[in-house]
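A.B. asks:
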Amino acid sequence: ALNSAFMEASMSDMATLIPIMYGVLLLVMVLLLRSLGGTFATLAVIGFSAATAMGLAGWAGIQLTPPSSVAPTVILTLAIADSIHLLVTMLKEMRAGASKRDAIVESIRINFQPVFLTSLTTVIGFMSLNFSDSPPFHDLGNITATGVVAAWFYSIVFLPALIAVIPLRVKQQAESGRSAMDRLAGFVIAQRTALIWGTAAVVIGLGAMVPRIELNDQFVQYFDKSIPFRADTDFAMENLSGIYQVNWSLEAGQEGGISDPGYLKRVEAFGAWLEEQPGVVHVSTTTDMYTRLNRNMHGDDPAWYQLPEDRELAAQYLLLYEMSLPYGLDLNNRINIDKSATRLVATTENFTTNELRALEAAGRGWLAENLPSASGDATGPVIMFAYITERNTKSMLVGTGIAFALISLTLILALRSFRLGLLSLVPNAVPALMAFGLWSILVGQVDMASSIVAATSLGIVVDATVHFLSKYSRARRQRGEDPEASVRYAFSTVGTALWVSSGILIAGFAVLGLSTFRLNNSMGMLTAIAIGMALLVDFLLLPALLLTIDRKRKGSSNEPDLITQPAE
Numbered sequence: 317a318l319n320s321a322f323m324e325a326s327m328s329d330m331a332t333l334i335p336i337m338y339g340v341l342l343l344v345m346v347l348l349l350r351s352l353g354g355t356f357a358t359l360a361v362i363g364f365s366a367a368t369a370m371g372l373a374g375w376a377g378i379q380l381t382p383p384s385s386v387a388p389t390v391i392l393t394l395a396i397a398d399s400i401h402l403l404v405t406m407l408k409e410m411r412a413g414a415s416k417r418d419a420i421v422e423s424i425r426i427n428f429q430p431v432f433l434t435s436l437t438t439v440i441g442f443m444s445l446n447f448s449d450s451p452p453f454h455d456l457g458n459i460t461a462t463g464v465v466a467a468w469f470y471s472i473v474f475l476p477a478l479i480a481v482i483p484l485r486v487k488q489q490a491e492s493g494r495s496a497m498d499r500l501a502g503f504v505i506a507q508r509t510a511l512i513w514g515t516a517a518v519v520i521g522l523g524a525m526v527p528r529i530e531l532n533d534q535f536v537q538y539f540d541k542s543i544p545f546r547a548d549t550d551f552a553m554e555n556l557s558g559i560y561q562v563n564w565s566l567e568a569g570q571e572g573g574i575s576d577p578g579y580l581k582r583v584e585a586f587g588a589w590l591e592e593q594p595g596v597v598h599v600s601t602t603t604d605m606y607t608r609l610n611r612n613m614h615g616d617d618p619a620w621y622q623l624p625e626d627r628e629l630a631a632q633y634l635l636l637y638e639m640s641l642p643y644g645l646d647l648n649n650r651i652n653i654d655k656s657a658t659r660l661v662a663t664t665e666n667f668t669t670n671e672l673r674a675l676e677a678a679g680r681g682w683l684a685e686n687l688p689s690a691s692g693d694a695t696g697p698v699i700m701f702a703y704i705t706e707r708n709t710k711s712m713l714v715g716t717g718i719a720f721a722l723i724s725l726t727l728i729l730a731l732r733s734f735r736l737g738l739l740s741l742v743p744n745a746v747p748a749l750m751a752f753g754l755w756s757i758l759v760g761q762v763d764m765a766s767s768i769v770a771a772t773s774l775g776i777v778v779d780a781t782v783h784f785l786s787k788y789s790r791a792r793r794q795r796g797e798d799p800e801a802s803v804r805y806a807f808s809t810v811g812t813a814l815w816v817s818s819g820i821l822i823a824g825f826a827v828l829g830l831s832t833f834r835l836n837n838s839m840g841m842l843t844a845i846a847i848g849m850a851l852l853v854d855f856l857l858l859p860a861l862l863l864t865i866d867r868k869r870k871g872s873s874n875e876p877d878l879i880t881q882p883a884e
């Protein structure tokens, strides 16, 4: 039933989210680009990118699971960013009076390296999912990374060619977004100190909320209530004994040892101890069979409802019980072949992850003290899910750290500035911290999907940082501008494209909030929040830091541009 529910959730997401995604992206692009031709070309690019990635995944034999089934939705969202930067620059040039051909050439010249760099960092972020302990997240990362590479190729090769041949009407006019960006630049320049301290206070405040987040992976709640498995299990937990079962394999230490009276007494004591634990509704042990048979063999006298005192008698009871089973049945689901271990099952209420881990740890401690031969970890799906987030988080810390180091090194090399490369770490690292802090306030619990958000969002939010720093660097080094003028130049040239692409990314990942699978839901919403925080940080904190750190440095017109090479 659980496996079927996973498949049903995957099919439901693919049937509903992709059409909704196309509708949302179409609406947002028409409103923000104000160009039907540009919208059509972008839709073609993202469609080709998703088809390429999924086709290659099929050839590679990757099977779809609930996490990997949202890869097309994620690709549709990410593939837009490259096209948006190229189109916004091109439309801006055409509205300023340039011909279509000249506008396309200028857009490619200005954006080629930044777009390549942002695509590379996004690929690094998603490839880091291969460090996850969950194979479906490997597939999600690999499929999405393939789609991002395809999107970059189609944006650079196919998009300009398509735009060049399709009709595109653009009115020559002053762009309204420029004046808004100029006003924003003026505000940041005037309030740089207040913005730094204010943003720092917000970051510290939200960061302080992160430790309050509780890890909770109840696999039943992975599914929306519209999924039959969720409805059935909710009914079972409310009206029956429940479905959460914790299993222990209790070793006797020798072949045939499960008939030893001392062993049986300790197993019975462990079962009695478990029944006393809060939230445990039923305990199933083999000792129940021995006590019932002992009473039955003594005329159903209640005084004999106890474990047999003799090992040989206990072994005979076990043989009698096995021989009385109907044809085809045995006790292999309760004892092993050589009769050296028995299985104990505890059924619990709707426990949270922390409660399950606490019960498992307490049981392990009791066994270590009272039945050392059986001391060990509990097993079962609920235990697996109880620890999966913790294990996944630990493995993804390594992956996120490697991704962060590679992305930082990439930016330092691309910017050819150790100072700017280090400065870029702030707007790249802060958004995820702020997102988790806000999530702690609004929701308070995270699941397995949250462990990958830091790595994936890191690769995405670098987009805005790279484009802003590239334009700032161009103004400082090529144009010889002072820091204030360089900030104004960055806002005027790339500000509109940043908020347009970020708005589309936020809308796209917010669509995942409609998923019937909670892991996809929380991943989408957390990533959308992180992208929103990144936009605020890049528009408010990053320029303020540049103005503060760079105020004593003078631009040098004889230094080469770091990202773009103007053909002037």
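Under the working numbering, the first residue of the sequence shown carries the number 317, and numbering increases by one thereafter.
Just so it is clear, CB atoms sit at the ideal spot from N, CA and C, and this is done for glycine as well.
Is it buried or exposed, residue 408, if we count other Cβ atoms within 10 angstroms and call 16 or more buried?
C.D. replies: buried
A.B. asks: By Cβ distance below 7 Å, which residues in the same chain neighbour residue 607 in space, the five residues on each side in sequence not counted?
C.D. replies: 621, 622, 623
A.B. asks: Using a 10 Å radius around the Cβ and a threshold of 16 neighbouring Cβ atoms, would you call residue 884 buried or exposed?
C.D. replies: Reliability fails at residue 884, whose pLDDT of 31 lies under 50, so the model's placement of it is uncertain and the value that follows must be treated cautiously. So residue 884 ends up on the exposed side.
A.B. asks: Beta-carbon within less than 6 Å of residue 523's beta-carbon, same chain only, minus the 5 sequence neighbours each way: which residues are those?
C.D. replies: 749, 753
A.B. asks: Going straight from the alpha carbon of residue 870 to that of residue 802, what length do you get?
C.D. replies: Residue confidence is low: residue 870 scores 48 on pLDDT, short of 50, so the model does not pin down where it sits. Its coordinate-derived value is still stated next. If you take the alpha carbons of residue 870 and residue 802, they lie about 11 Å apart.
A.B. asks: Identify whether residue 765 lies in helix, strand or coil by the three-state DSSP scheme.
C.D. replies: coil
A.B. asks: Starting from the N-terminal side, write out each stretch of the beta strand (DSSP E) that is 3 residues or longer and does not extend beyond the segment 341-395.
C.D. replies: none
A.B. asks: Could you pull out every residue in the same chain whose Cβ sits closer than 7 Å to the Cβ of residue 780, ignoring the five residues on either side in sequence?
C.D. replies: 814, 818, 850, 851, 854
A.B. asks: Taking DSSP as the reference, what is the three-state secondary structure of residue 331?
C.D. replies: Three-state DSSP puts residue 331 in a helix.
A.B. asks: Closest to residue 847 by C-alpha separation, out of 772, 597, 468, would be which residue?
C.D. replies: That would be 772, whose Cα lies nearest to the Cα of residue 847.
A.B. asks: For residue 736, which option in 667, 789, 351, 577 has the closest C-alpha, if you only look at C-alpha atoms?
C.D. replies: 789
A.B. asks: Specify the secondary structure class of residue 795 as computed by DSSP and reduced to three states.
C.D. replies: When DSSP states are grouped into helix, strand and coil, residue 795 belongs to the coil group.
A.B. asks: Which first and last residues belong to the alpha helix (DSSP H) in which residue 832 is found?
C.D. replies: For residue 832, no alpha helix (DSSP H) segment is defined, and its DSSP state is neither H nor E.
A.B. asks: What three-state label does DSSP hand residue 486 in the structure shown?
C.D. replies: coil
A.B. asks: DSSP state of residue 575, grouped into three classes?
C.D. replies: helix
A.B. asks: Which residues in the same chain as residue 440 place their Cβ atom closer than 8 Å to its Cβ, once the five residues preceding and following it in sequence are excluded?
C.D. replies: 719, 722, 723, 726, 775
A.B. asks: Less than 8 Å between the beta carbons of residue 751 and residue 784, yes or no?
C.D. replies: no
A.B. asks: Take the Cβ of residue 335 as the centre, count every other Cβ of all protein chains shown within 10 Å, and call the residue buried at 16 or more, exposed below.
C.D. replies: For residue 335, the number of other beta carbons within 10 angstroms of its own is below 16, and it is reported as exposed.
A.B. asks: Would you mind stating whether residue 590 and residue 662 have Cβ atoms separated by less than 8 Å?
C.D. replies: yes
A.B. asks: How is residue 657 classed by DSSP in three states: helix, strand or coil?
C.D. replies: In the structure shown, residue 657 sits in a strand (DSSP, three-state: E or B).
A.B. asks: Would you list, in sequence order, the uninterrupted alpha helix (DSSP H) runs of no fewer than 4 residues that lie entirely inside the segment 520-603?
C.D. replies: 544-555, 577-591
A.B. asks: Measure the beta-carbon distance from residue 433 to residue 742 and round it to whole angstroms, keeping in mind my assumption that it falls under 8 Å.
C.D. replies: Residue 433 to residue 742, Cβ: 18 Å. No contact.
A.B. asks: Taking buried to mean at least 16 other C-beta atoms within 10 Å of its own C-beta, is residue 492 buried or exposed?
C.D. replies: Residue placement at residue 492 is flagged as unreliable, the pLDDT there being 48, under the threshold of 50; the coordinate-derived value follows with that caveat. Exposed, by the Cβ-count rule.
A.B. asks: Apart from the five residues just before and just after residue 890, which ones in its own chain have a Cβ nearer than 6 Å to its Cβ?
C.D. replies: Lying before the first or after the last residue shown, residue 890 is absent from the chain, which here runs from 317 to 884.
A.B. asks: On the criterion of 16 or more Cβ atoms from any shown chain inside 10 Å, does residue 628 qualify as buried, or is it exposed?
C.D. replies: Counting the other CB atoms within 10 Å of its CB gives residue 628 a total below 16, which places it among the exposed residues.
A.B. asks: Any chance the segment 454-467 sits against the segment 355-372, with 3 or more Cβ pairs inside 8 Å?
C.D. replies: The segment 454-467 is in contact with the segment 355-372.
A.B. asks: Look up residue 843 in the DSSP assignment and say whether it is helix, strand or coil.
C.D. replies: It is helical.
A.B. asks: Taking 8 Å as the cut-off, decide whether the C-beta atoms of residue 442 and residue 414 are in contact.
C.D. replies: no
A.B. asks: Using 8 Å as the Cβ pair cut-off and three pairs as the minimum, do the segment 388-395 and the segment 754-768 touch?
C.D. replies: no
A.B. asks: Can you check which of these residues, 360, 376, 745, is closest to residue 393 by C-alpha distance?
C.D. replies: 360
A.B. asks: Anyone know if the C-beta pair for residue 746 and residue 519 falls short of 8 Å?
C.D. replies: A contact, by the Cβ cut-off of 8 Å.
A.B. asks: Under 8 Å by Cβ, that's how I've got residue 379 and residue 529 pegged, so tell me the actual separation to the nearest angstrom.
C.D. replies: Rounded, the Cβ-Cβ distance is 32 Å, inconsistent with contact.
A.B. asks: With distances taken Cα to Cα, identify the nearest neighbour of residue 565 among 535, 680, 346.
C.D. replies: 680
A.B. asks: Residue 276 and residue 329: beta carbons closer than 8 Å?
C.D. replies: Outside the displayed range of the chain (317 to 884) lies residue 276, so it cannot be described from this structure.
A.B. asks: Using DSSP's beta-bridge definition, name the partner residues of residue 662.
C.D. replies: 562, 599
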